[in-house]
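Structure first, commentary second.
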Amino acid sequence: MNFDWTSEHDAFRERVRDFLAAELPPDWEHESRLDNSSRYVYEFARTFCPRLAAAGLMVPHWPTAVGGGGLDAYHHWILNEEMWAAGEPRAYQYMNVNWIGPTILQYGTPGQIERHVGRIARGEAFWCQGFSEPNAGSDLAALRTRAVPSGNGWRINGSKIWTSGASFADTCFLLARTGDGKREITAFLLPMNTPGVEVRVVPGIMGQRSFHEVFLTDVDVDEGTVLGGVGQGWKVVGTVLHFERVGAPRYALSQRALMRAMEILRERGRFDDPVVRARAVRCRAAGEAARYNSLSVIDQRAKGRPPSAVTNLVRYSQVIGDRLVSEFLGEFLGDVLVANDEPLIAAAYKRTASSGIAGGSAEILLNAVTRDYLNLPRE
Amino acid sequence: MSMDFDLNADQAALESGIRSLTERYRGLPTPHEAGHFLSGEAIARELREAGYYDVARQEGMGPLESVLLVEAVAALPYAVEAAGSVLIAPLVSRDALPGPVAVCSDAGAAIRFLAEGGTLLVDAGHEVRIVDLAGVVPEPVDTPFAYPYARLPAAKHKGELFDLDPRKLRQYWQLGLAAEITGAMQAALDLTLEYVKQRKQFGRAIGSFQAVQHRLAESAMQVHSARMLTRAAAMSGSPLDCAMAASYAQEASMQVVYNTHQFHGAMGLTLEYPLHYWTQRLRALQGEAGGASAIAQGAAGLL
Chain F
1 MNFDWTSEHD AFRERVRDFL AAELPPDWEH ESRLDNSSRY VYEFARTFCP
51 RLAAAGLMVP HWPTAVGGGG LDAYHHWILN EEMWAAGEPR AYQYMNVNWI
101 GPTILQYGTP GQIERHVGRI ARGEAFWCQG FSEPNAGSDL AALRTRAVPS
151 GNGWRINGSK IWTSGASFAD TCFLLARTGD GKREITAFLL PMNTPGVEVR
201 VVPGIMGQRS FHEVFLTDVD VDEGTVLGGV GQGWKVVGTV LHFERVGAPR
251 YALSQRALMR AMEILRERGR FDDPVVRARA VRCRAAGEAA RYNSLSVIDQ
301 RAKGRPPSAV TNLVRYSQVI GDRLVSEFLG EFLGDVLVAN DEPLIAAAYK
351 RTASSGIAGG SAEILLNAVT RDYLNLPRE
Chain C
380 MSMDFDLNAD QAALESGIRS LTERYRGLPT PHEAGHFLSG EAIARELREA
430 GYYDVARQEG MGPLESVLLV EAVAALPYAV EAAGSVLIAP LVSRDALPGP
480 VAVCSDAGAA IRFLAEGGTL LVDAGHEVRI VDLAGVVPEP VDTPFAYPYA
530 RLPAAKHKGE LFDLDPRKLR QYWQLGLAAE ITGAMQAALD LTLEYVKQRK
580 QFGRAIGSFQ AVQHRLAESA MQVHSARMLT RAAAMSGSPL DCAMAASYAQ
630 EASMQVVYNT HQFHGAMGLT LEYPLHYWTQ RLRALQGEAG GASAIAQGAA
680 GLL
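Line order of the protein sequences matches chains F and C.
Numbered by our numbering, the letters in the first sequence go through residues 1 to 379 in order.
Numbered by our numbering, the letters in the second sequence go through residues 380 to 682 in order.
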């Protein structure tokens with residue numbers, strides 16, 4: 001057992017930091033507001049991601065045969081920690097790296113891999129995730145968007161909601177019903193410029209373009225958009241969720257904000273308050289727990305082991321770590337949050353609002369822990 | 380060496396060695412005489428004789444292996460002194476100290492594991508004092524907590540000055556607490572998980588109710604996290620990490636104690652049923668070394 005980074009891992013982190021220092025503009029934090037859903041960050045990512053790819057930092061952990069650097073899964077995590085802490089300058093391209101690419105590599109046809117994976121590896125692809133619907137959130141399998149055979153392909157009708165980054169996406173990883181059984185669902189790789197796809201922004205408290213509605217009206221797609229076979233969508237979702245739930249290292253931003261918060265509190269003389277001091281360490285401990293827990297999942301991936309039941313428990317620890325930081329900021333730096341002039345603190349506070357909801361609500365995570373980790377009887 | 384969350388071969392062998400040695404102590408003794416605690420003296424003696432208490436002094440082993448031992452032993456229903464002998468004694472002596480090894484910050488208080496023939500280390504704030512308990516008979520304290528507690532005769536309170544940084548003693552005390560709490564929490568949780576699968580009310584296992592399930596899942600996350608922080612602290616040897624592990628574990632234990640008792644109902648309040656052997660230990664450890672808030676506050680300067 002060993003929780004220390006190797007010198008190779010340390011050097012890789014330095015490489016990522018150097019790259020960020022060289023590529024992010026000096027006014028990055030104020031311009032971007034560390035809001036990866038904003039138009040500013042999207043426009044930035046359009047040039048940033050290809051440069052990241054050119055530097056070998058887009059998919060360093062993918063096999064060399066598909067454009068990666070052949071490095072271990074820890075490199076992926078280091079990259080994610082640094083990017084997330086910097087406000088995610090890849091915009092939503094982090095999803096491509098975390099789960100869209102790997103899922104296509106696992107279930108895709110050679111043609112799909114050819115079409116999508118290279119673009120992801122080169123930092124050229126913008127995706128969105130068409131899962132949630134107005135009546136299918138936590139109960140994802142209740143989704144009603146339907147695809148029916150039509151000509152040589154499928155005709156899709158329905159709507160999606162809460163779709164992050166849909167304003168800017170060129171492709172949607174879409175789930176649609178292809179049968180009446182609860183889990184008769186199919187995954188489609190839908191080009192967003194297909195006639196019949198309409199996107200509307202839903203204003204939210206987190207970020208400029210965090211939420212959208214996507215309306216699908218008589219959207220015709222060819223057979224080549226089906227991923228993993230007709231009716232296999234639920235199986236595909238299992239892979240997606242494992243990668244997504246331990247995907248973004250949320251603690252990286254919230255812990256950075258905690259450190260900044262302590263700096264401000266020190267300047268104000270408030271850090272002499274024993275209550276503040278105890279609560280700060282409590283936040284740090286929860287963040288460290290989330291970090292080590294996450295790394296234990298990465299260790300499994302680095303060793304090529306299949307996803308295990310611990311993923312949901314680990315994700316839940318990330319949720320709680322973020323929640324404590326959010327409460328700390330709210331209690332001790334309320335004025336800074338109201339003034340809205342510290343981008344790091346403001347962004348971390350906004351982000352933590354979604355930690356227990358994105359990628360499956362915390363209560364759904366607890367259901368999964370109960371069922372798969374504690375093996376308790378079903379309700 | 381690369382990051383690795385699996386135990387190495389030596390660590391796995393250590394764990395299975397402890398497991399097989401303590402196998403017959405996993406259940407309750409027969410006949411089981413209801414009492415506030417089960418003495419672990421015999422287990423400590425066996426572990427000591429088999430060389431397990433010297434684990435930290437062995438080539439290639441150290442605090443991590445000690446923590447594995449403390450955690451495993453804390454999962455037994457018996458109150459076994461391990462943290463003092465395994466984690467703290469090596470700070471004081473290259474040779475094993477006479478056990479049990481007790482630690483406290485107030486020599487006048489009721490002290491856990493204080494016993495004739497053993498050793499007491501006192502965190503006296505700016506210095507460390509040591510008391511050799513050879514020929515000293517402490518006065519047992521009648522307490523509902525599931526550890527043996529005793530008081531030191533007043534003449535012995537002062538002890539002798541020992542050349543050790545009190546911060547170092549505090550750090551390893553905290554690390555030992557974190558490991559001991561983690562082991563006891565895991566055992567209390569495991570017992571509760573079995574219970575809620577068996578116990579039926581309203582015609583179904585109470586473990587099938589979501590109100591019960593979510594709280595157990597939260598507790599499982601906390602136990603898992605406490606273990607990670609404890610192992611991380613043992614490996615890094617950082618005072619901040621040790622404080623975070625102890626503080627986190629102490630705070631988590633409150634929730635685990637509450638939940639495991641709630642789901643056992645009145646059954647958990649009886650001395651016949653073993654839950655209290657762990658939860659009354661957790662209650663005792665909750666405030667030790669200052670408790671979660673004081674430990675956290677004391678470490679804030681290290682952030």
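No residue lacks a Cβ here, since even glycine has one placed at the ideal position from N, Cα and C.
As the structure is a prediction and not an experimental result, all values here were calculated from the model.
query: For P618/C and D502/C, the rounded distance between their alpha carbons; result: 15 Å
query: Whether M600/C touches Y316/F by CB criterion (7 Å); result: yes
query: Near-chain F residues of the segment 383 to 400 of chain C - C-beta to any C-beta below 7 Å; result: D383, F384, D385, L386, N387, Q390
query: CA nearest to the CA of A567/C, picked from R662/C, L531/C, L447/C; result: R662/C
query: Cβ-based burial, T186/F [other Cβ within 10 Å; buried from 16]; result: buried
query: In DSSP terms, what K547/C is bridged to; result: Partner(s): none; K547/C has no beta bridge.
query: Check: D4/F C-beta below 6 Å from any heavy atom of the ligand COA; result: This structure does not include the ligand COA; it has no bound ligands of any sort.
query: Distance CB(L466/C)-CB(S484/C) smaller than 7 Å; result: no
query: Assigned secondary structure, N340/F (DSSP; H/G/I helix, E/B strand, else coil); result: coil
query: C-beta neighbour in chain F for L661/C, strict 7 Å; result: no
query: 7 Å Cβ cutoff met for V515/C and K537/C; result: no
query: Helix, strand or coil at K579/C according to DSSP, with G and I counted as helix; result: strand
query: G497/C vs G478/C beta-carbon contact at 7 Å; result: yes
query: Pairwise C-alpha distance: I298/F and V240/F; result: 15 Å
query: Neighbourhood of V459/C by C-beta, 6 Å cutoff - its chain only, sequence neighbours within 5 removed; result: G419, I422, A423, V452
query: Length of the line joining the Cα atoms of P134/F and R578/C; result: 39 Å
query: Alpha helix (DSSP H) segments (min. 4 residues) lying fully within the segment 237 to 274 of chain F; result: 251 to 267
query: Exposure label - E342/F; buried when at least 16 CB within 10 Å; result: buried
query: DSSP-derived helix/strand/coil call for D222/F; result: strand
query: Coil, strand or helix - T145/F by DSSP; result: coil
query: Any chain F beta carbon closer than 7 Å to E608/C; result: The amino acid at residue 608/C is misidentified as Glu; the sequence shows Leu. Cβ-Cβ to chain F under 7 Å: yes for L608/C.
query: Short Cβ contact (7 Å threshold) for F211/F with V202/F; result: yes
query: Best match in L216/F, G204/F, Y292/F, G179/F for proximity to M192/F [C-alpha to C-alpha]; result: L216/F
query: Contact between the segment 140 to 150 of chain F and the segment 253 to 265 of chain F (3+ Cβ pairs under 8 Å); result: no
query: For G123/F and L52/F, believed in contact at Cβ under 8 Å, the rounded distance; result: 6 Å
query: Bridge partner(s) assigned by DSSP for E279/F; result: Sequence inspection shows Arg at residue 279/F; the Glu mentioned does not correspond to that position. R279/F is not bridged to any residue.
query: Beta strand (DSSP E) runs wholly inside the segment 514 to 570 of chain C, at least 3 long, in chain order; result: 518 to 520, 528 to 530, 539 to 541
query: Interface partners of L543/C on chain F, CB under 9 Å; result: Residues of chain F passing the Cβ test: none, with the nearest at roughly 24 Å.
query: Expected contact under 8 Å - CB spacing of V314/F and G287/F to nearest Å; result: Their Cβ separation, rounded to whole angstroms, is 13 Å, which puts V314/F and G287/F out of contact at 8 Å.
query: Cut-off 7 Å between Cβ atoms - residues of its own chain near R405/C, not counting five sequence neighbours on either side; result: L455
query: Whole-angstrom distance between W84/F and S632/C, CA atom to CA atom; result: 32 Å
query: Three-state class that DSSP yields for V59/F in the structure shown; result: coil
query: Backbone secondary structure at W127/F - three-state DSSP; result: strand
query: Whether T171/F touches A596/C by CB criterion (7 Å); result: no
query: Contacts of V575/C in chain F (Cβ-Cβ under 8 Å); result: L376
query: Contact set between R277/F and chain C, taken where Cβ atoms lie within less than 9 Å; result: A675, Q676, G677, A678, A679, G680, L682
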